[in-house]
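Following: one structure in structure tokens, then a few remarks.
Number of protein chains: 4
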Amino acid sequence: MKASIVGASGYSGLELIRLLLSHPEVEINTIVSPSNAGTNVHDVFPHLTNIQVSQFEALDIEELACESDVIFFATPAGVSGQSAPLLLNKGVPIIDLSGDFRLKNGDLYEKWYNHSSPPEGALTEAVYGLSEYYSEDIKSANLIANPGCYPTATLLGLLPIIQKGWADPSSLIIDGKSGLSGAGRKTSLTAHYSEVNENVSAYKLGKHQHIPEIEQVISNQIGENVNVSFSTHLVPLTRGMMCSMYVNLSHDRSEAEVIELYQSIYKDHPFIRVMPEGNWPSTKGVSGSNYCDIGLSVDPRTNRLTIISVIDNLMKGAAGQAVQNMNLRFGYPETAGLSLSPVFP
Amino acid sequence: MKASIVGASGYSGLELIRLLLSHPEVEINTIVSPSNAGTNVHDVFPHLTNIQVSQFEALDIEELACESDVIFFATPAGVSGQSAPLLLNKGVPIIDLSGDFRLKNGDLYEKWYNHSSPPEGALTEAVYGLSEYYSEDIKSANLIANPGCYPTATLLGLLPIIQKGWADPSSLIIDGKSGLSGAGRKTSLTAHYSEVNENVSAYKLGKHQHIPEIEQVISNQIGENVNVSFSTHLVPLTRGMMCSMYVNLSHDRSEAEVIELYQSIYKDHPFIRVMPEGNWPSTKGVSGSNYCDIGLSVDPRTNRLTIISVIDNLMKGAAGQAVQNMNLRFGYPETAGLSLSPVFP
Amino acid sequence: MKASIVGASGYSGLELIRLLLSHPEVEINTIVSPSNAGTNVHDVFPHLTNIQVSQFEALDIEELACESDVIFFATPAGVSGQSAPLLLNKGVPIIDLSGDFRLKNGDLYEKWYNHSSPPEGALTEAVYGLSEYYSEDIKSANLIANPGCYPTATLLGLLPIIQKGWADPSSLIIDGKSGLSGAGRKTSLTAHYSEVNENVSAYKLGKHQHIPEIEQVISNQIGENVNVSFSTHLVPLTRGMMCSMYVNLSHDRSEAEVIELYQSIYKDHPFIRVMPEGNWPSTKGVSGSNYCDIGLSVDPRTNRLTIISVIDNLMKGAAGQAVQNMNLRFGYPETAGLSLSPVFP
Amino acid sequence: MKASIVGASGYSGLELIRLLLSHPEVEINTIVSPSNAGTNVHDVFPHLTNIQVSQFEALDIEELACESDVIFFATPAGVSGQSAPLLLNKGVPIIDLSGDFRLKNGDLYEKWYNHSSPPEGALTEAVYGLSEYYSEDIKSANLIANPGCYPTATLLGLLPIIQKGWADPSSLIIDGKSGLSGAGRKTSLTAHYSEVNENVSAYKLGKHQHIPEIEQVISNQIGENVNVSFSTHLVPLTRGMMCSMYVNLSHDRSEAEVIELYQSIYKDHPFIRVMPEGNWPSTKGVSGSNYCDIGLSVDPRTNRLTIISVIDNLMKGAAGQAVQNMNLRFGYPETAGLSLSPVFP
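In the order they appear, the protein sequences are chains B, H, R and U.
Counted the way UniProt numbering counts, the first sequence spans residues 1 to 345.
Counted the way UniProt numbering counts, the second sequence spans residues 1 to 345.
Counted the way UniProt numbering counts, the third sequence spans residues 1 to 345.
Counted the way UniProt numbering counts, the fourth sequence spans residues 1 to 345.
So this is what it looks like as structure tokens:
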């Protein structure tokens, strides 16, 4: 199968290349990067030498559609929203790693993303690619909106307790911690080594564009509107994301009971690992892999549940889940090309 | 003035040495470290060459009392609880950086610390050394229980809104993030470089010994018992601590209103800096200094207040606050020996 | 094929597990770790869940020989030297990642390693496993002494110019820089996060046990004894090793000429990448992969050649090269299980 | 005394502010940053709150001369070369932290810096500010060319053995390792967190502009022209620099003999610390301080001396030495404002 990647000069695109290079069913066909068009991939990324394609290409919709069996967009907000709709009627499935097709409501998109909304038809057609929850829709989707990294970590950790009705959704507080690769490859003081190293900082409090994405899915799952408290922090590491979540339990529940619930819900999902009682996940435990590790703690003193969910933001939080969705869409084993053990230490 | 330090081979003791070496009123007299007794300070800490004392000493209570005008304990839990009471009637003020005298209730101490409680009389005599809130008591104290690092960051950020009655104390959720120096100098896999670097991990969820300390002070301030949710995380940096706190506001309050409250409360406190609207603190902004920076964000969608409080855990979270308390106790300017700018970058 | 690993609780053993889990021809059969015998692998390494064996075993030479087609030792110095000889006559090929069989001269081993030398017969039988240079011997070896990390980076970078006779071997100076995973999983102040983070330090100057290993191979290749200057430094990262090497050129040589020499020598070696003129390797460019990247710079002002050679110390410097040697020994493609792209960023 | 700083928005300028704020004899008068003129210092650097001046100013030579007793330039190459000569006849001593006045030969400057050379008269007037070696000239200088960071670490480590004639200068090889703050505050991929973290890379091999500076001083000290081999590497830390140096000894010398030589030469220099036999310096041991720590190792097998020299590149390698030179110039104690212990850990 021939895969093309639009926007391959950022970290998510790079990670897609790494994964597809060892995927048993896929060959990378075209790598589009308008800003690097005509230059050698190896000149921009000297570490990549075993790649089949040698040059970055400009974006040519017609050619891309002809030559590809699947097209990934790993572009900044606002790009795929314009280009993907032009490809939709060409019959080539699209997997979009950007935020352009995640929100069903175009106004909400414009408010949180500060870009013009993609056309409504495309928004309607897009399937939200949280693999573990929407696999049936993904299997026949033409446009898959691959989830954001924070929403992935958050929702995988939250949905079991929320769906089961054991917790009060309005009490939800999410404290997110992300490494720097999530901030992308574009240089800025925010990602300048000497400013970020040995530093933890809070950013975009209550203003992060992943908030409406999380709320949309929760509301969709429980059938009512919910507003959540969501804070984001930068921590000094390259890869890795943790969401610590706090929610009031509706009734007394033991830790064992809650863990059992999660284990039963995720028992057939190879990438979700629920930690045994008294164990907490760490980002290093999933680094370089597509796993999401979830730890659960009930505090009987406050009757609150603490949920710790970790992913590699470039893997399950971006390229890994995109490949997982490709596998689902094309009927490959869900783990094809993704059965990598975490890189530890 | 002659200062002695018991337990100077850990990071808090080292930081005390660094501070006292440039304090205008103090000379370091004796450095006690039973495990290193008789060895040269410079052999254990090659970076320390301008120190007046040359050797680590064994612990000799009588001698210590004779030769010191103030005694600092920077020892692990369980040590000062036994030794400090023997010194109390000798008339030398003690500043204890360990947790032994922070909890008024001996049973609570035994439950959370797993050590025998210090004698009740000493617990009663001890004054809790949160400098900005208990300065009057500190001025005449013989035994100052220097606060823990997490409680310091938490309480400085929380008390204004709680005291004012603008927030519901029972809704409190504290998400703490600490660098590795807080874990001390004793080697363990938990602090082994290859395991910790490039890693964020959760630990001691709901079980951290700083929980009862935080609850005791809040309850003391508002006159009712409160249980809080408190989670701790290790982040890969050496110095620095952030507490992100979430609390439900009792009525609608604007961000400006809340910030003004904090600025008015802390206007005469040189080490507390309240950030202007839309600004968030980072640990690097206080690194190496005694500052506590506080950022405030009101989310009108959920009517919750998010408080971000950062300190250098070895400074305001340990040795810096200890020197601040010494200054208060002996009538020196509160900032003597502490007017260091943060080390940035 | 059934592989067993002795000493699987260190980082090299862990990396072997990671690689063998995705090797197309190998199944992990037994994991020996006397100190962890009887405990679950998953309890010690929570990140490992897709592993076939569930428990660490004690060392039982007979059983190990019966059940294995190949046995890896990833043990501290002094262990395989005693155990491997007992296995030698059982007909199961051994690949030893420790230093026990690298030096042909037992006295030299005892002097630099401070352990009793393995029996002379075994030393004689051992084949030095620098894959690119000794592949013919490796193909029929019963005991492969997998090279040290520093010698691997050093020799791959040095041998072409030395063999060709274009440089004066006695002028050799090697400045090595290593990440912390090379120091192993045993805790110590030397690898304690707060001591190592934000720190570069020199260690074991002129005393590193890899010195005689490097000298033995160079002397063997050029037919005369050579002493080299070799310095080692710890740099604050987990994975990665760089050797910067300086050597006097015998005659004027252009940079292009030297690069061409290297490229021609390594053109059929898939894991060695010689950088084009004006490009320098970085450890991140090989991280998680089996590559060795080599950069070359001629300074006409001093007529010296600078060689920069980088590897991932756990991969080409340990487990990766061990798997490469297994591939050579058993006739698999040299890159089987090793065609991983570097993990970047 | 009133000090002005031109170029205070980079890391060297920031460090100067930190130091001058606690200098007993100095008040910061004006902070010039054309790009930030008119904005509040606190808005650009939120961690700076105790600073006397509130705004960045534009560059006004006349005003600057009137209002300052000393002027520091902490500007990029090419700036002070144009501005400082205009100030020279105003009688205000200038301390220039850039490279503009370090090379006596204007052509050499133009070749290595790619900027027009400052006027020859100013080059002649400039005194090279390596405090320990040129203090007599510094005491009466109107224009002090503060040394580069690499030359400072290199020369302090090299000059004793070279001056004494115990080593062959033409055999000199310098392997430099620098943290990222040395690369400045300007954003670039080279200093982008995700590219630099967990990475060691070589850069500017044989092309670094500090090469002619080092050679000029060595040649000046020994009275003959010398070319050195000098390689630079980026290591993942913010502050800190190590130069590992290798030189052939002219005769057999014991390690003790060499160490004694260094200790006797530096015995009256408070910022130079020669390590005892068998001890090696680390960058953390000088972090945040003005110390230069030097370790020495003689390898009798090769008769080479290895010298390890470490500094904090922003302190002894920039702002610290600038303050030291100001102290020398104005007759203050050499250590005024600089008696800070290293920040450890």
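From the three backbone atoms N, C-alpha and C, an ideal C-beta is built for every residue, glycine too.
Since we're looking at a predicted model, the values are computed, not measured.
- For the 8 angstroms CB-CB criterion, residue 1 of chain H and residue 41 of chain H do not form a contact.
- In the three-state reduction of the DSSP assignment, residue 132 of chain R falls in the helix class.
- Taking C-beta atoms as the reference points, residue 344 of chain H and residue 16 of chain U fail to come closer than 8 angstroms.
- Residues of chain R with a Cβ closer than 9 angstroms to the Cβ of residue 237 of chain U are, in chain order, 197, 198, 199, 200, 235, 236.
- For residue 293 of chain H against residue 281 of chain H, the beta-carbon gap comes to about 4 angstroms, under 8 angstroms, which counts as contact.
- Excluding five sequence positions before and after residue 215 of chain B, the CB atoms of its chain that fall closer than 8 angstroms to its own CB belong to 225, 226, 227, 228, given in chain order.
- Sixteen is the threshold: when 16 or more other Cβ atoms of the shown chains lie within 10 Å of the Cβ of residue 182 of chain U, as they do, the residue is buried.
- The stretch 245-263 of chain R makes no contact with the stretch 324-338 of chain U; the number of CB pairs closer than 8 angstroms stays below 3.
- When C-beta distances to chain H are compared with 7 angstroms, every residue of the stretch 253-271 of chain B stays at or above that value.
- Secondary structure note for residue 306 of chain B: it is in no alpha helix (DSSP H), and the uninterrupted beta strand (DSSP E) holding it is 304-311.
- Nearest to residue 309 of chain B by alpha-carbon distance, out of B/296, B/315, B/301, B/300, is B/296.
- Secondary structure note for residue 230 of chain B: it is in no alpha helix (DSSP H), and the uninterrupted beta strand (DSSP E) holding it is 229-234.
- The alpha-carbon separation between residue 168 of chain H and residue 162 of chain H amounts to approximately 7 angstroms.
- Per DSSP, the unbroken beta strand (DSSP E) holding residue 27 of chain B starts and ends at 27-32.
- Leaving aside the five residues that flank residue 10 of chain U on each side, the residues in its chain whose CB is nearer than 7 angstroms to its CB run, in chain order, 74, 184, 185.
- The Cβ of residue 304 of chain R sits no closer than 8 angstroms to any Cβ of chain B.
- Taken atom to atom, the span from the alpha-carbon of residue 268 of chain R to that of residue 274 of chain R is near 12 angstroms.
- Note on geometry: alpha-carbon atoms of residue 85 of chain H and residue 148 of chain H lie some 20 angstroms from one another.
- Neighbours of residue 192 of chain R across chain H, judged by C-beta separation under 8 angstroms: 185, 187, 191, 192, 193.
- Residue 150 of chain R does not reach chain B, its nearest Cβ partner there being about 19 angstroms away, counting only Cβ pairs nearer than 7 angstroms.
- The C-alpha of residue 217 of chain B lies about 20 angstroms from the C-alpha of residue 81 of chain B.
- By the C-beta density criterion, residue 126 of chain U is buried, having at least 16 other C-beta atoms within 10 angstroms.
- The residue from B/302, B/307, B/257, B/321 with its alpha-carbon nearest to that of residue 288 of chain B is B/321.
- Residues 247, 248 of the same chain have their beta carbon placed closer than 6 angstroms to that of residue 171 of chain H, with the five preceding and five following residues left out of the count.
- Identification of chain U residues near residue 301 of chain R by a Cβ-Cβ cut-off of 8 angstroms yields 206, 227, ordered along the chain.
- Below 8 angstroms, enough C-beta pairs join the stretch 186-194 of chain H and the stretch 191-209 of chain R to call them touching: three or more.
- At a beta-carbon threshold of 7 angstroms, the residues of chain B lying near residue 283 of chain H are 199, 200, ordered along the chain.
- Under a 10 Å Cβ-count criterion, residue 102 of chain H is classified as buried, with 16 or more other Cβ atoms of the shown protein chains found around its own Cβ.
- Non-local C-beta neighbours of residue 327 of chain U in its own chain, meaning closer than 7 angstroms and more than five positions away in sequence, comprise 333, 334, 336, ordered along the chain.
- Closest in alpha carbon position to residue 83 of chain U, among U/106, U/143, U/52, is U/143.
- With fewer than 16 other Cβ atoms inside 10 Å of its own Cβ, residue 140 of chain B counts as exposed.
- The C-beta distance from residue 97 of chain H to residue 22 of chain H rounds to 19 angstroms, too long to fall under 8 angstroms, and the pair is not in contact.
- Residue 11 of chain H reaches chain R at 194, counting residues in chain order whose Cβ is nearer than 8 angstroms.
- Residues of the same chain with a CB within less than 6 angstroms of the CB of residue 154 of chain H, apart from the 5 flanking positions on each side, are 174, 214, 243 in chain order.
- Between residue 253 of chain R and the set R/299, R/91, R/78, R/272, the nearest pair of CA atoms involves R/299.
- For the stretch 11-36 of chain R, the residues whose beta carbon sits under 9 angstroms from a beta carbon of chain H are, in order, 11.
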